[in-house]
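Have a look at the structure below, then the notes.
Numbering (the working numbering), first residue to last: 58 to 360.
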């Protein structure tokens, strides 16, 4: 159902902490022009937990305006099942193409609770669901055994695999075949995941470097592994910025330098300062100085 590069887009704010829809339209359009295959809003990188439900719906509408016929998914990362179900219903009413659901980031559910809450939120929306499995960030492991409990529900169509264990991708394929659309969700494991069978990439650094991200994905799908690997090796220091407590600030700073936007974040986050900011700036500027020439790709061709 879903395949390709799906940016987990950042949310843009004005100087007085309102949503900056004009800047989001500009930045989202860069993703579409580069050949990305969908958009995911209000995720971890999109500062979803810091947005009100009204704001999440507003960001969804802005992404839909830009994406055209390409799918736009809303992330559900509410602390409670009731609140998650409520935003799922609103997303369905507003025409979202799907949901990416995170188990509660506040209460760390056991396997039985994880299955129950995921099913309840999916049923409330009635939309196709990407399961977000990220035991590192959210301390809830959506294991293969938990996925088994969800596999008989047709609403669950995809998995964003972010366990940080590349073996998990093969375990999912061995257990389920093509039952789920398997996406990698860890930027600096993307090449490895695509090598063992992932068919999609929920990407972070793509917001600053969309063309390079799309090139790696398309080359891998075309079997042009060495060309993809050369770009990936250049990209790796940048992709490491995604695997950090400061991923939002890191990537927004990369956006400042690569696409000329701002790095405003919502409190309690603050933009990077001092030595940490200098380190990230150096990584990005060093990469920009040796940015590779990309091979020609047919962006009109299906991923």
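Quick reminder that beta carbons are idealized off the backbone N, C-alpha and C, glycines included.
Since this is a predicted model, take the numbers as computed values, not measurements.
Outcome for residue i when other beta-carbon atoms lying within 10 angstroms are tallied against a minimum of 16
i           : result
residue 275 : buried
residue 359 : Because the pLDDT of residue 359 is 47, which lies under 50, any placement of that residue in the model is unreliable, and the number read from its coordinates should be weighed accordingly. Residue 359 should be labelled exposed.
residue 86  : exposed
residue 225 : buried
residue 71  : exposed
residue 97  : buried
residue 283 : exposed
residue 10  : Residue coverage of the chain in this structure runs from 58 to 360, which leaves residue 10 outside it and unanswerable.
residue 119 : buried
residue 169 : exposed
residue 371 : Because the chain spans 58 through 360 in this model, residue 371 falls outside it and cannot be assessed.
residue 73  : exposed
residue 273 : buried
residue 312 : buried
residue 227 : exposed
residue 332 : exposed
Nearest candidate by alpha-carbon position, reference residue i, set the options
i           : options               : result
residue 231 : 295, 72, 212 and 254  : 254
residue 150 : 73, 164, 304 and 114  : 114
residue 281 : 348, 73, 251 and 134  : 251
residue 137 : 279, 286, 126 and 160 : 160
residue 200 : 249, 63 and 167       : 167
residue 61  : 95, 90 and 299        : 95
residue 211 : 217, 180 and 193      : 180
residue 208 : 193, 196, 238 and 191 : 238
residue 322 : 77, 286, 233 and 299  : 77
residue 117 : 65, 346, 73 and 163   : 65
residue 139 : 127, 176, 347 and 268 : 176
residue 266 : 350, 101, 74 and 164  : 350
residue 354 : 336, 335 and 277      : 277
residue 190 : 223, 101, 219 and 82  : 219
residue 123 : 89, 131 and 110       : 89
residue 128 : 141, 286 and 152      : 152
residue 306 : 335, 286 and 202      : 335
residue 233 : 112, 206, 249 and 248 : 206
residue 288 : 183, 269 and 125      : 269
residue 132 : 83, 286 and 144       : 144
Endpoints, the beta strand (DSSP E) within which residue i is located
i           : result
residue 331 : Per DSSP, residue 331 belongs to no beta strand (DSSP E); it is in the alpha helix (DSSP H), 331 to 346.
residue 218 : 213 to 218
residue 61  : 61 to 64
Residue i: first and last residue of the uninterrupted alpha helix (DSSP H) it sits in
i           : result
residue 398 : Any property of residue 398 remains undetermined from this structure, which presents the chain solely from 58 to 360.
residue 201 : 201 to 207
CB of residue i within 7 Å of CB of residue j, strictly
i           : j           : result
residue 263 : residue 242 : no
residue 314 : residue 245 : no
residue 68  : residue 92  : no
residue 106 : residue 155 : no
residue 197 : residue 171 : yes
residue 217 : residue 178 : no
residue 308 : residue 257 : no
residue 214 : residue 58  : yes
residue 203 : residue 221 : no
residue 294 : residue 340 : yes
Cβ-heavy atom distance, residue i to the ligand COA, below 6 Å
i          : result
residue 89 : This structure simply doesn't include the ligand COA, nor any ligand for that matter.
Item checked: Length-filtered (3 minimum) beta strand (DSSP E) runs lying within the region 225 to 310 -> Entirely contained in the region 225 to 310, the beta strand (DSSP E) runs reaching 3 residues are, in chain order, 238 to 241 and 257 to 260.
Checklist line | Ranges of the alpha helix (DSSP H) found wholly within the region 107 to 188, counting only runs of at least 4 | finding: As far as the region 107 to 188 is concerned, its whole alpha helix (DSSP H) runs of at least 4 residues are 110 to 124, 138 to 150 and 168 to 182.
Next item on the list: Identify every run of the beta strand (DSSP E) within the region 70 to 96, keeping only runs that are complete inside it and at least 3 residues long; order them along the chain.
Entry: With a minimum length of 3 residues, no continuous beta strand (DSSP E) run stays inside the region 70 to 96.
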